[in-house]
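Worksheet: one structure, shown below.
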Amino acid sequence: MSANDPVLARGRCLCGAVTYAVHGKLREQLSVCHCHMCRRQHGGPGIYTSAPKADVEIDGGGALRWYESSPGIKRGFCAACGSSLFWTADNYANIDIALGSLDSAAGLALSHHIFVAHKGDYYEIAGDLPKYPDNRPEAT
Amino acid sequence: MAEPASGSIRARGRCLCGAVSFTVSGPLRDVVVCHCGQCQRNHGGPGNYTSAAWSDIALSGEDRLRWFQSSAKARRGFCAECGSSLFWEPAGEARVSINVGTLEGPTGLKTVRRIYVAEKPDWDEVYDGLETLPGSMRS
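Those protein sequence lines, which keep their order, are chains A and B. First residue of the first sequence? That's -10 in the numbering used here, and the numbers climb one at a time after it. First residue of the second sequence? That's 668 in the numbering used here, and the numbers climb one at a time after it.
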């Protein structure tokens, strides 16, 4: 990222304490994660777009907090309002961005479901998008 | 919530890190999915909620539970350690909505309704045939 790169997306938590700008394109394919960790934290499946870490400029406003949910894996949330915002890992070049935090998700579309073997018993997954029992096989 | 719940335990729940946990010793409502703009911002997507009477809920780790007043009508409870969304509490009521994802499975619940679909963004496809309401269940 350079500071001169155009901001192509912006987002914030519910209370507005944490804001971010993305200096590049977001991944257009949205992943829906049904694992119990996402369902616990988000209050529903985790729905994410993604961008390179270097492209994501976060203003945490003193409220952004990271929780290490597995070794090397961190989930970012707003400590003032509890909004679930980010997912990343030490060995991962991107930050995944919780879709609902975006000011606009124009041009993005649901792409596939992951960890469907771990979904809750209280819903079914409708539609004909690809469903993977665990993580998605390495994207080509 | 200070009074211990009585009766048999219907469900157990906890946040992702386990700092906040609870039991429910009464009936749980079936699941309603809320597509409102506030839920989208807070959860990162629609909010999936069951609900129960506060009098049936026994909380542990209440000192780690934070409340955010998200409107004049309601506040949202989350874990200060891991950010998990736990509760949505309408003002002046004896009931609280519970993030169903926090419950240990099997829950025995089913999703019955989608609300505030008038606020859903384009990516949020509603295609499963459940009842949908443009706004709340009370309007």
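Beta carbons are placed, not taken as given, at the ideal position from N, Cα and C, and that holds for glycine.
is_contact[residue i, chain B] using C-beta, thresh 8 Å
| i | result |
| --- | --- |
| Gln30/A | yes |
| Gly35/A | yes |
| Leu88/A | yes |
| Leu53/A | no |
| Tyr9/A | no |
| Asp79/A | no |
| Ser100/A | no |
C-beta contact flag for residue i and residue j at 8 Å
| i | j | result |
| --- | --- | --- |
| Ser752/B | Asn709/B | yes |
| Val21/A | His102/A | yes |
| Gly711/B | His23/A | no |
| Glu756/B | Gly744/B | yes |
| Ser692/B | Ser727/B | no |
| Glu792/B | Leu99/A | yes |
| Thr769/B | Cys703/B | no |
| Ser73/A | Met26/A | no |
| Val700/B | Thr717/B | no |
| Gln707/B | Ser737/B | no |
| Ala720/B | Ala678/B | no |
| Phe155/A | Gly65/A | Chain A is shown from -10 up to 129; residue 155/A falls before or after that span and cannot be answered. |
| Lys42/A | Thr8/A | no |
Separation of residue j from residue i, as counted between CA atoms
| i | j | result |
| --- | --- | --- |
| Leu3/A | Glu786/B | 15 Å |
| Trp55/A | Ala87/A | 14 Å |
| Cys749/B | Ala10/A | 23 Å |
| Leu732/B | Lys740/B | 19 Å |
| Ser37/A | Ala52/A | Per the sequence shown, residue 37/A should be read as Tyr rather than Ser. Cα to Cα, the separation comes out at about 21 Å. |
| Lys777/B | Ser803/B | 19 Å |
| Arg696/B | Arg781/B | 14 Å |
| Tyr112/A | Asn(-7)/A | 45 Å |
| Gly0/A | Gly775/B | 36 Å |
| Asp85/A | Ser93/A | 16 Å |
| Lys120/A | Val105/A | 7 Å |
| Gly61/A | Cys684/B | 15 Å |
| Ser806/B | Asp48/A | For Ser806/B, the predicted model reports a pLDDT of 48, less than 50, meaning its position is unreliable and no value from the coordinates is stated. |
| Asp123/A | Val45/A | 27 Å |
| Ile724/B | Gly759/B | 17 Å |
Chain A contact for residue i (CB, 8 Å cutoff)
| i | result |
| --- | --- |
| Ala747/B | yes |
| Val808/B | Limits of chain B in this structure are 668 at one end and 806 at the other, which puts residue 808/B out of reach. |
| Leu683/B | yes |
| Asp795/B | yes |
| Leu776/B | yes |
| Ser752/B | yes |
| Glu792/B | yes |
| Ser737/B | yes |
| Val698/B | yes |
| Pro713/B | yes |
| Arg762/B | no |
| Arg731/B | no |
Integer-rounded CB distance, given that residue j should sit under 8 Å from residue i
| i | j | result |
| --- | --- | --- |
| Leu97/A | Leu(-3)/A | That pair is no contact at about 12 Å. |
| Gly50/A | Ala115/A | Rounded, the Cβ-Cβ distance is 38 Å, inconsistent with contact. |
| Pro34/A | His12/A | That pair is no contact at about 28 Å. |
| Val767/B | Glu798/B | With a Cβ gap of about 17 Å, Val767/B and Glu798/B do not count as contacting. |
| Ala68/A | Ala747/B | 6 Å |
| Trp790/B | Leu19/A | 6 Å |
Exposure of residue i, with buried meaning 16 or more beta-carbon neighbours within 10 Å
| i | result |
| --- | --- |
| Ser29/A | It is worth fixing the name first, because residue 29/A is Arg in this sequence and not Ser. When all chains shown are included, Arg29/A counts as buried. |
| Asp117/A | exposed |
| Ala82/A | exposed |
| Gly796/B | exposed |
| Pro126/A | exposed |
| Tyr783/B | buried |
| Ile676/B | exposed |
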